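Worksheet: one structure, shown below.
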Amino acid sequence: MDPLRFDMGKIDIAWCPGCGNYAMLRALKEALAELEIAPERLVVVSGIGQAAKAPHYYRCNLFNGLHGRSLPVATAIKASNPGLVVIDESGDGCMYGEGGNHFIHAIRRNPDITNIVHNNMVYGLTKGQASPTSFQGFRTLVQREGVFHTPFNPLVVAISLGASFVARAFAGDVSQTKEIMKKAISHRGYALVDVLQPCVTYNRLNTYAWFKENTTYLEASHDPYDRMEALRRAFETEKLPLGIFYLNPKPTFEETLQVYRERKDPLFKRDPDLQKLSQWIHSKRGI
Amino acid sequence: MTFDQEVSIVLCGEAGQGIQTVEHILTQTLKLSGYHVFSCQEYMSRIRGGQNSTLVRVSSRRVAAPVDRIDFLVPFGPGSVRHVEKRISSETVVLGERKLFADEYQGERGIDLPFSEMAQEVGGRIYTNTIAVGLLAGLLKVDRDVLGRYLRSHFSGKDEGTIQKNMDAARKGTELSDRLLREGRFQIDLPQDNKIKDEILVDGVEAMAMGAVAGGCNFLSFYPMSPSTALAVMLAERSKDFGILVEQAEDEISAMNMGIGAWYAGARALASTSGGGFALMVEGLSLAGMIESPMVVHLAQRPGPATGLPTRTEQGELLFALYAGHGEFPRILLSPGTIEDCFFLTQKAFDLADRYQVPVSILTDQYLLESHYNLPSLDPTQIPLRRHFVETKEDYKRFALNESGLSPRGIPGFGDGLVVVDSDEHDEEGHITEDLLLRTRMVEKRLRKLELIKKESIPPELVGPANYETLVVGWGSTYHAVKEAVRRLERDDVAFLHFRQVYPLHSDTRRYLEKAKRRVIVENNGTAQFAKLLRLETGFEMDREILQYNGLPFSVDALERRLRSVLG
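Okay, here's the thing in structure tokens:
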């Protein structure tokens, strides 16, 4: 499929020139085209923030909901119609801050969705406050003495919870990011792709150059089925490893749902069994 | 003492003592014997201990509201009599073990019945409840064959020995009743009606669950909170039969957003919650307003603020539900007054939500949800099931502007179009916009839907004379209590106006209020919230307020007294 099928034509994009989001957008369009996923079959859910605007910039069914609330929406869409391909794409504030509780429970639930997180370690749209993944010491107009909080490590959390697919990518490397996205989308079950994405306006610490210098791909010998090893690598901070850390194949949320045990059609095609309902009502006569 | 019209029985004991089993078997067998029955409960927020009570009204005419009066009190524990002391009159007869009631109830007013000893003879304390069932059923002349058959079916999951012991226990109870009746301390002779035997006996929760199924509900997301949990549990129990996806969410925020996501994908979703949980859903409610998503929320009210009284009743969330959600958007608030309403309004909520692409909240409360009474039947075909989404074409625009304000709703994966929705202000396609002229048109489009909804609002029900001077006004769960209290006044100048849809109000509302010389509002809250809403919408003030906010529903006798004192 030609990635141009996802093109929106001439549109006004609200991202700053040089933003890491552009590279992610390109990688995702190419990944979708290579996987032959038609826009009509694709639903992208997002929250609020600069990253959450992403699905407005490629052709797809789109649910741009509330800040931090995209995962429950994505879970329900996939559960109501498992035939759809569902991607949840938002920023680090959305997923790890406001939506932290949903992040934890989405991993536990294991819906067959791909969770792409634009992780730029700063709040861009609200003009430069710290995010849950900001480094300690990162100074902002609010965190004037530098961030004191321990940074949130999404990979460690996800692996600890037994997420079925955990990866990290760097937006500066479009071709590798695309490959990781393709594997995540093809993966059956919840797939986290935490994408390190430079914010050229508000994060002068974690720049393209900084990420290039401070990241390294996991070696080919890394065994993604080894949970403790995956965890050990996810804790590394000297150089941030990139690639697929952890794979944990297991039944998806939809597969375990009783409503799909005998029938596979989506919920919108179903009518209530009125005869059974009448029997239920009738049973309230007693004996 | 002779009872020829009605008997009021109160069962009182600790949580975990099985009073609900007594209530259940007794009401069913009474109904199957041709009596009208009503029962409701009040209980503490705990798993064991405390004191809970259940009222069972048995009557020769339809009964559907609580009374304070106690004809027969059956205490199951040491604190039981004290728990309902204020309701005990000189006419109340206490039936139970002597050690459970004080000296003042001895003699005529208290009858010592050795339940524990009898239960031990059968096989253990556990059979006390069935002995009590037998006693009360016997006093009320329940058909013995019906009692036996019902017990057998009720305990059908148990082993034959247990079933037999329960049958023995019930027989001991009926023998006791035969003795009491022979001694002639009281006569109970209520007319029985064969037609009632075929009626159904159901509570508010189960009627709502049936209504949800009838409305096509196939997705339920919730987080447990009393008293709303009962509906989720009931639907979960039936989920396999009716293909309902039931998910316990991590919190109410998630439950609400899941519901909206499910509607987006074409499911019919319901979220069930109570005050504190609804507070968390408010952000999502506003999302439904903006993206014009249907959504059905069951708001089982309980006394607040904050945690309040978790297992008690109140009508305290009306204005909260009216204003819940940031920004301006149309919504519908339904307030069932009867068990029939619990069914039909829940069914209707799904149709309204789907048709007008708005959130619909159904306001109930602990009292209504847990009240039982017999009614002829429920017909799911009265509201035909229609789906209001469309198959999309390639050039589909989710928020296409038109005269009605209602844009055809597409769902992803059904048709060739793309379905784009955004919590930001959006253009016709659904994409973010900051075109302020378009913003104005989108606001107007959303608000225009309210005019359509108003045209279909459920009219209030007038009970009593059309040429009233005094109009008693109520909404939601107080329906039967007010109706019975007003009837007891026996005045041809007093009528009762009940609202089962509290927003938007039916256009007749103004006319009804205007006609009254005096208007009395009855509400189970402390600030007369519906009176405020009526003034806001119609300009009419209420002259008098009858409010109650102690966590209990209005009883007919107390309400009658208060109405008499207000009316003079």
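For the protein sequence lines, the chains are V and A, in the order given.
Be aware that the first sequence starts at 23, since it is given in the numbering used here, and climbs by one per residue.
Be aware that the second sequence starts at -12, since it is given in the numbering used here, and climbs by one per residue.
Heads up, the beta-carbon is just placed ideally off N, CA and C, and yes, glycines get one too.
These numbers were taken from a predicted model, which means no experiment stands behind them.
Residue(s) in a DSSP beta bridge with I126(V): As a working note, residue 126(V) is residue 104 in the first sequence. According to DSSP, which records beta bridges pairwise, I126(V) is partnered with nothing at all.
Span of the alpha helix (DSSP H) holding Q369(A)? Within the second sequence, residue 369(A) is the residue found at index 382, counting from 1. Segment: none, Q369(A) is in no alpha helix (DSSP H) and carries neither H nor E.
I want to verify the contact list: residues of chain V whose CB lies under 7 Å from the CB of E270(A), in sequence order. Position 283 of the second sequence, counting from 1, holds the residue named residue 270(A). Near E270(A) (Cβ distances below 7 Å), the residues of chain V are L88.
Check the Cβ of N558(A) against every Cβ in chain V and list those closer than 7 Å, keeping chain order. With chain A represented from -12 up to 555, any question about residue 558(A) goes unanswered, as that position is not in the structure.
Mind pulling the alpha helix (DSSP H) runs of 4 or more residues that sit fully within the segment 293 to 353 of chain A? 305 to 310 and 326 to 343
Alpha carbon to alpha carbon, how far is E376(A) from G253(A)? For this step, residue 376(A) is matched to residue 389 along the second sequence. For this step, residue 253(A) is matched to residue 266 along the second sequence. Note on identity: in this sequence residue 376(A) is Phe, with Glu being the wrong assignment. Those two C-alpha atoms are separated by around 8 Å.
D403(A) (DSSP reduced to helix, strand or coil): Position 416 of the second sequence, counting from 1, holds the residue named residue 403(A). If DSSP states are grouped into helix, strand and coil, D403(A) belongs with coil.
Taking 6 Å as the limit between beta carbons, can you name the residues of its chain near V65(V), skipping five residues before and five after? Locating residue 65(V) in the first sequence gives position 43, counting from the first residue. Cβ neighbours of V65(V) beyond the five flanking positions: N83, I99, L106 and V108.
Who does D409(A) pair with in a DSSP beta bridge? Stepping through the second sequence from its first residue, residue 409(A) is reached at position 422. Bridge partners of D409(A): N86(V).
Stretch pair the segment 537 to 550 of chain A + the segment 453 to 473 of chain A: three plus CB contacts closer than 8 Å: yes
Apart from the five residues just before and just after G198(A), which ones in its own chain have a Cβ nearer than 6 Å to its Cβ? Residue 198(A) sits at position 211 when you count from the first residue of the second sequence. If the five residues before and after G198(A) are omitted, its C-beta is found closer than 6 Å to the C-beta atoms of F330, T333 and Q334, all from its own chain and listed in chain order.
Which chain A residues are close to K32(V), counting only those with a beta carbon under 7 Å from its beta carbon? Numbered from its first residue, the first sequence carries residue 32(V) at position 10. Within 7 Å Cβ-Cβ: nothing; K32(V) doesn't reach chain A, min ~13 Å.
For H304(V), the first and last residue of its enclosing alpha helix (DSSP H): As a working note, residue 304(V) is residue 282 in the first sequence. First-last of the alpha helix (DSSP H) with H304(V): L296 to S305.
Quick test of your reading: E510(A) and L492(A), contact by CB under 8 Å. State the CB separation rounded to the nearest angstrom. Position 523 of the second sequence, counting from 1, holds the residue named residue 510(A). Position 505 of the second sequence, counting from 1, holds the residue named residue 492(A). The pair is not a contact, with the Cβ atoms about 16 Å apart (cut-off 8 Å).
Taking buried to mean at least 16 other C-beta atoms within 10 Å of its own C-beta, is T216(A) buried or exposed? Here residue 216(A) refers to the residue found at position 229 of the second sequence. Flag for T216(A) reads buried.
Can you check whether the C-beta of S300(V) is within less than 8 Å of a C-beta belonging to chain A? Taking the first residue of the first sequence as 1, we reach residue 300(V) at position 278. Yes, its Cβ sits closer than 8 Å to a Cβ of chain A.
Residues of chain V with CB under 8 Å from E279(A), in chain order? For the purposes of this step, residue 279(A) is taken as residue 292 along the second sequence, with counting starting at 1. Within 8 Å Cβ-Cβ: nothing; E279(A) doesn't reach chain V, min ~13 Å.
Cutoff 8 Å: K272(V) Cβ touching any chain A Cβ: The sequence position of residue 272(V) within the first sequence is 250, counting from 1. Chain A contact via Cβ: absent.
Contacting positions in the segment 92 to 105 of chain V - beta carbon closer than 9 Å to chain A: S92, L93, P94, V95, A96, T97, A98, I99, K100, A101, S102, N103 and G105
Within chain V, partners of I419(A) - CB distance below 9 Å: Indexing the second sequence from 1 puts residue 419(A) at position 432. Within chain V, the residues near I419(A) are A36, K75, H78 and N86.
For a quick check, are the C-beta atoms of L328(A) and R487(A) less than 8 Å apart? Counting from 1 along the second sequence, the entry for residue 328(A) is found at position 341. Counting from 1 along the second sequence, the entry for residue 487(A) is found at position 500. Correcting the residue type first, residue 328(A) is Asp in the shown sequence and not Leu. Yes, they are a contact pair.
Output yes or no for whether 8 Å exceeds the beta carbon distance between R435(A) and F316(A). The sequence position of residue 435(A) within the second sequence is 448, counting from 1. The sequence position of residue 316(A) within the second sequence is 329, counting from 1. In this structure, F316(A) does not lie closer than 8 Å to R435(A) by Cβ.
Considering only the beta carbon of each residue, do A242(A) and W250(A) sit closer than 8 Å? On the second sequence, position 255 is the one that residue 242(A) refers to. On the second sequence, position 263 is the one that residue 250(A) refers to. Their beta carbons are not under 8 Å apart, which means A242(A) does not touch W250(A) by this criterion.
Should S410(A) be flagged as near chain V, meaning a C-beta pair shorter than 8 Å? Against the second sequence, residue 410(A) aligns to sequence position 423. Yes, S410(A) counts as interfacial toward chain V.
When you compare the CB positions of A242(V) and L214(V), do they come within less than 8 Å of one another, or not? Position 220 of the first sequence, counted from the start, is the residue given in the question as residue 242(V). Position 192 of the first sequence, counted from the start, is the residue given in the question as residue 214(V). Result no, Cβ atoms of A242(V) and L214(V) do not sit closer than 8 Å.
Could you have a look at C41(V) and say whether DSSP puts it in helix, strand or coil? To locate residue 41(V), count along the first sequence from 1; it is residue 19. Here C41(V) sits in coil by DSSP.
How far does the alpha helix (DSSP H) with G125(A) in it extend, from its first residue to its last? Here residue 125(A) corresponds to residue number 138 of the second sequence, with the count starting at 1. It spans T115 to L126 - the alpha helix (DSSP H) in which G125(A) sits, taken as one unbroken run.
What residues from chain A crowd round L296(V), counting only those whose CB sits closer than 9 Å? Locating residue 296(V) in the first sequence gives position 274, where the first residue counts as 1. Chain A residues near L296(V): V200, A201, P367, T368 and L372.
What are the boundary residues of the alpha helix (DSSP H) that L279(V) is part of? By 1-based counting over the first sequence, the position of residue 279(V) is 257. That residue, L279(V), is in no alpha helix (DSSP H); it is neither H nor E in DSSP.
Nearest-angstrom Cα distance between E78(A) and E91(A)? By 1-based counting over the second sequence, the position of residue 78(A) is 91. By 1-based counting over the second sequence, the position of residue 91(A) is 104. Per the coordinates, the alpha-carbon of E78(A) lies some 13 Å from the alpha-carbon of E91(A).
Interface positions of the segment 37 to 66 of chain V facing chain A (Cβ-Cβ less than 9 Å), listed along the chain: P61, E62, R63, L64 and V65
Using a beta-carbon distance below 8 Å, is C221(V) in contact with chain A? As a first step, residue 221(V) is located in the first sequence; it is residue number 199 there, counting from the start. No - not a single Cβ of chain A is within 8 Å of the one on C221(V).
Taking contact to mean at least 3 C-beta pairs separated by less than 8 Å, is the segment 535 to 542 of chain A in contact with the segment 499 to 518 of chain A? yes
Can you pull out the residues from the segment 108 to 124 of chain V whose beta carbon lies closer than 8 Å to at least one beta carbon of chain A? N123 and H124
Start and end of the beta strand (DSSP E) containing R56(A)? Residue numbering aside, residue 56(A) sits at position 69 when the second sequence is read from its first letter. It is not in any beta strand (DSSP E) - R56(A) carries neither H nor E in the DSSP assignment.
CB L500(A) to CB L458(A), shorter than 8 Å? Numbered from 1 along the second sequence, position 513 holds the residue referred to as residue 500(A). Numbered from 1 along the second sequence, position 471 holds the residue referred to as residue 458(A). Closer than 8 Å, so yes.
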